[in-house]
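Here is the structure we will look at.
Numbering (full-length UniProt numbering), first residue to last: 1 to 688.
This is the structure:
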């Protein structure tokens, strides 16, 4: 659920808690505090808990066991739990907003007209079915017109603008070594399967997926009326496999310090002498840029030969597949269903499509999301929620400061740099101060494909406008109605959209402990990304540079190596374990999140004793609040997909893997050597 922009910017990513009768310890609480506690619930969802499970054996099941055993994943989901429930709830609210726009008669060019007509265009299956693949014909003609490798380079740049499949992509992001300026980046791409390992793993499941993928390409070509479907599918898979062989492995791709390269255009041409960069940059309208960011230098060097050695006819077929694959869910019902059958049913085990209106809401959020977000915030984000959230963020930052000041493994030289970085965090809560400008976007209720292209054009033109100027620090990477959060390394900012500030993450009617375990741990997680294996290579000004002494970096890496080994031991399925190296950054975030959230909760008590509510101490409720956030259930296919492609551990291990390293967990739940989660003190990992 944590998201990435160029894999650089990391984002984190239940029904309302039922009110509980609270008790207070009158001997230690002031009258004001006592009255407040009586008005607040514990926030503990007791009906979800399984008290027959020893919390020291499986804390995830102790907190969520009854819910897990009694809840069935809906047919239109690959997994279900706290995040998905909140996302559905946010979509319900967004649907109400869209509905008022879609059913009204608004002036052309108004926010309401754009939102309503964008939604209507997606929902208009009569028009979509009548058109079939007709919207693709101008694009297919462009591909057919390719006569030489200069034309091919031009089309690669054109396709990058719209997200059609090409061997490498193009985007804009702050320069990692000069983050107040923008840099255009390119990075490896060109695969129809989620990740390179899908092409090479030799287990039965992987082979079944590969066979299904080739058949899927053939089916899509048949439905689109393309020539030689079977032969094309076989050729495409062989070409994608060749491209995948060159891809940097996902574990290596997280190392920004090692992967950052800023090449002048002349250096780029020397790296890829067979590729026509002049044609590419001219078509991309960036011929005047002095340099380009390269994140996988070896890949770019090697793909040069593959591009030149592959025939133009094969590339045309490849590009038609990239176009069709990117567009299928927005065309007619047959192509949409075929796309679902492979990418959702085969890869993630989903039994049936989500209702069309939910898919329409998702697409509307992606393309006119801040128009919707303006209204969402007015309706669903009270000012007092932002105030209380800011108080918690300040407590988390203070707790991190105290923790860094008292680390026994870090020298004063590195500590000063870490504290400087912490002091420079920017915090964004709820919604942006400046909304995105959609005035250049034209939306037509009967032209879905055109709406999508025009939306991409507006974003691309905005990108060109920004190039050469200062970074727009007011921009958000998520809409307010997104249930998620993120850390952005070059801007050193943590961002919490309004929609995540709901139970079980954040409950305005609950006492603080559960909120610190929920949203507090999320806040701590995002701060922690600034100090994980990747984020710790950026300083307080967002500059990618080494601010560590060799001694301290060595100690940091020794501690993270222990965490990697711990998570490698977690068995997801009989033939599948967590990838501790790939999930390291998120696991550091989780461990720091709950550890620092607990410290922040203690600070919030201001020396007073925590109340006992519903039979749980304050510390117990913090840990339970953390466990409630990760209540989730997966289909097997989705679980396999997550382990292969996601930087997050499955939620059971996000819960158990973090708490077993926190000393206070042992005290709170009387965990002993007899318990399955027990780790000897010397094996518990403390980083921050």
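For every residue, glycine included, the Cβ atom is placed at its ideal position computed from N, Cα and C.
Residue range of the unbroken beta strand (DSSP E) whose run includes residue i
i, result
"residue 225", "That residue, residue 225, is in no beta strand (DSSP E); it is neither H nor E in DSSP."
"residue 174", "168–175"
"residue 428", "426–430"
"residue 632", "632–634"
"residue 79", "79–81"
Chain-order list of residues whose beta-carbon lies under 6 Å from that of residue i (same chain, five-residue window excluded)
i, result
"residue 392", "520"
"residue 335", "223, 328"
Residue burial classification, residue i (beta-carbon count within 10 angstroms, cutoff 16)
i, result
"residue 697", "Since the displayed the chain opens at 1 and closes at 688, residue 697 lies outside it and no answer follows."
"residue 320", "buried"
"residue 688", "buried"
"residue 672", "exposed"
"residue 264", "exposed"
"residue 203", "exposed"
"residue 276", "buried"
"residue 513", "buried"
"residue 187", "buried"
"residue 325", "buried"
"residue 47", "exposed"
"residue 575", "exposed"
"residue 652", "buried"
"residue 72", "exposed"
"residue 165", "buried"
"residue 658", "buried"
"residue 208", "exposed"
"residue 420", "exposed"
"residue 117", "buried"
"residue 649", "buried"
"residue 470", "exposed"
"residue 502", "buried"
Chain-order list of residues whose beta-carbon lies under 8 Å from that of residue i (same chain, five-residue window excluded)
i, result
"residue 199", "191, 193, 210, 240, 241, 244, 245"
"residue 177", "260, 262, 543, 544, 545"
"residue 82", "14, 504, 505, 628, 629, 630, 631, 632"
Same chain, Cβ closer than 7 Å to residue i, five either side skipped, listed in chain order
i, result
"residue 399", "596, 599, 600, 603"
"residue 301", "271, 272"
"residue 668", "617, 619, 620, 623"
"residue 214", "233, 234, 237"
"residue 219", "338"
"residue 250", "195, 582"
"residue 680", "none"
"residue 645", "194, 195"
For residue i: DSSP bridge partner residues
i, result
"residue 293", "185, 262"
"residue 577", "571"
"residue 493", "426, 488"
"residue 510", "41"
"residue 544", "538"
"residue 470", "181"
"residue 347", "Paired residue(s): none; residue 347 is not in a bridge."
"residue 613", "616"
Residue i - containing alpha helix (DSSP H), residue span
i, result
"residue 117", "111–123"
"residue 60", "59–70"
"residue 409", "First-last for residue 409: undefined, no H or E at that position."
"residue 667", "663–668"
"residue 653", "651–659"
"residue 689", "This structure does not reach residue 689, given that the chain is present from 1 up to 688, and the question cannot be answered."
"residue 247", "Run containing residue 247: none; DSSP gives neither H nor E here."
"residue 330", "First-last for residue 330: undefined, no H or E at that position."
"residue 446", "Per DSSP, residue 446 belongs to no alpha helix (DSSP H) and is neither H nor E."
"residue 588", "584–604"
"residue 365", "356–380"
"residue 388", "383–405"
"residue 48", "Taken as a continuous stretch (DSSP letters only), residue 48 belongs to no alpha helix (DSSP H), as it is neither H nor E."
Minimum Cβ-Cβ distance from residue i to chain C less than 9 Å
i, result
"residue 379", "The structure shown has no chain C; it contains just one protein chain."
Should the stretch 472–481 be called in touch with the stretch 350–360, which here means at least 3 C-beta pairs below 8 Å?
Contact between the stretch 472–481 and the stretch 350–360 is absent, because fewer than three Cβ pairs lie under 8 Å.
Inspect the CB distances between the stretch 485–501 and the stretch 555–568 and report whether three or more fall short of 8 Å.
Three or more beta-carbon pairs separated by less than 8 Å are not found between the stretch 485–501 and the stretch 555–568, which leaves the two stretches without contact.
Check whether the stretch 542–551 touches the stretch 395–415, taking contact to mean three or more Cβ pairs, one atom from each stretch, closer than 8 Å.
Output reads yes: the stretch 395–415 touches the stretch 542–551.
Contact between the stretch 422–429 and the stretch 555–562 is defined here as three or more beta-carbon pairs at a separation below 8 Å; is this criterion met?
Fewer than three Cβ pairs drawn from the stretch 422–429 and the stretch 555–562 lie within less than 8 Å of each other, which leaves the two stretches out of contact.
Decide if the stretch 278–291 is in contact with the stretch 323–338; the criterion is three or more beta carbon pairs, one per stretch, under 8 Å apart.
Taking 8 Å as the limit for Cβ pairs, the verdict is that the stretch 323–338 does not touch the stretch 278–291.
Pairing CB atoms from the stretch 633–640 with CB atoms from the stretch 47–59, are three or more of them under 8 Å?
Not touching, per the Cβ criterion.
Taking contact to mean 3 or more Cβ pairs, one atom from each stretch, closer than 8 Å, check whether the stretch 123–132 and the stretch 445–456 are in contact.
Touching, per the Cβ criterion.
Check whether the stretch 88–99 touches the stretch 376–394, taking contact to mean three or more Cβ pairs, one atom from each stretch, closer than 8 Å.
Yes: at least three Cβ pairs fall under 8 Å.
Contact between the stretch 293–310 and the stretch 137–148 (3+ Cβ pairs under 8 Å)
The stretch 293–310 and the stretch 137–148 do not touch, with fewer than 3 CB-CB distances between them shorter than 8 Å.
Below 8 Å, can you find three or more Cβ-Cβ pairs linking the stretch 156–163 to the stretch 453–468?
By the criterion of at least three beta-carbon pairs nearer than 8 Å, the stretch 156–163 is in contact with the stretch 453–468.
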